[in-house]
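Novice: Would you mind keeping the following structure in view while I ask a few things?
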Amino acid sequence: MHEAPARVTLPAADVTEPHIRDLMGYLQHPWIADRADEVAAAIARLDDVRARLEPVRNVVCHTDFHGLNVLIDDQGEVAAILDWENAVIGPREYDVWVAADGDHLVEFLDEYGADDLDPDHLEFALLARGLRDLSARVVHEVDRPGVDTWGFDRIARVDSDLEVFRRYCG
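Heads up, the sequence shown is in our numbering, so the first residue is 1 and it goes up one at a time.
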């Protein structure tokens with residue numbers, strides 16, 4: 001998908017992350033109050049990474065490309081990719097972060113042919129995804145267990161995920 005010419009009109013990726021900024025107003029929410037310093041530190045780190053971002057090649061990004069959004073046909077081939085509502089034109093790192101959620105990160109990156117990923121865009125994507133998922137759950141008070149699974153757990157493993165990604169960075 002990232003090698004296909006961008007012949008669609010989509011919005012540009014937005015690195016301002018307003019939903020994450022909203023999370024700062026919820027630091028005393030009972031679901032995260034005991035870890036408010038951790039949330040604030042992750043947001044500050046995201047801001048630091050954002051300041052380092054350099055332009056990279058932009059591609060069509062699904063932004064939520066995981067197994068639940070892929071239909072496989074009887075021959076084991078991808079028949080369709082679902083859930084394009086948040087698609088953007090942006091750095092491919094904003095899609096490949098999802099490989100870190102599975103048990104086959106290295107295999108995925110090898111198959112993908114990654115060899116020149118941008119480490120700052122990867123760090124941004126990994127942090128932003130964890131913080132975005134944390135924010136959505138806290139602000140809307142849905143999926144209390146997901147605060148840990150999709151928020152804090154993702155944020156906690158950013159550095160170990162980046163270590164694996166590092167060999168695929170140019």
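Here a beta-carbon is modelled for each residue, glycine too, at the ideal position from N, C-alpha and C.
1) Give the range of the alpha helix (DSSP H) segment to which G90 is assigned.
2) Taking all protein chains shown into account, decide if E111 is buried (16 or more other Cβ within 10 angstroms of its Cβ) or exposed.
3) Quick one: what does DSSP say I72 is sitting in, helix, strand or coil?
4) CB-CB under 8 Å to D118, same chain, minus the five flanking residues each way: which ones, in chain order?
5) In or out: I81 buried (at least 16 other Cβ within 10 Å) or exposed?
6) Whole angstroms are fine: how far does the CA of W97 sit from the CA of L67?
7) Rounded to a whole number of angstroms, what is the C-alpha to C-alpha distance between M172 and A40?
8) If I'm right that Y26 touches V147 with Cβ under 8 Å, what's the distance once you round it to whole angstroms?
9) Output yes or no for whether 8 Å exceeds the beta carbon distance between L131 and V158.
10) Taking all protein chains shown into account, do 16 or more other C-beta atoms lie within 10 angstroms of the C-beta of S160, making it buried, or fewer, making it exposed?
11) With V106 and V164 assumed to form a contact (beta carbons below 8 Å), what rounded beta-carbon distance in angstroms separates them?
12) For I155, report the span of its beta strand (DSSP E) as first-last.
Specialist: Reading off the structure:
1) Membership of G90 in any alpha helix (DSSP H) is not indicated; the residue belongs instead to the beta strand (DSSP E) covering 88-91.
2) So E111 counts as exposed.
3) Correct three-state label for I72: strand.
4) The answer, listed in chain order, is E54, V56, P91, E93, C169, G170.
5) Counting of Cβ neighbours within 10 angstroms places I81 among the exposed residues, the total staying below 16.
6) Per the sequence presented here, residue 67 reads as Gly, with Leu not at that position. Rounded to the nearest angstrom, the two C-alpha atoms are 13 Å apart.
7) Nothing about residue 172 can be reported from this structure: the residues present for the chain run from 1 to 170 only.
8) Contact flag wrong, Cβ pair sits at about 11 Å.
9) Result no, Cβ atoms of L131 and V158 do not sit closer than 8 Å.
10) Under the 10 Å beta carbon count, S160 is surrounded by fewer than 16 other beta carbons and is classified as exposed.
11) Yes, V106 and V164 are in contact; Cβ-Cβ is about 7 Å, under 8 Å.
12) I155: not part of any beta strand (DSSP E); member of the alpha helix (DSSP H) spanning 153-156, first to last residue.
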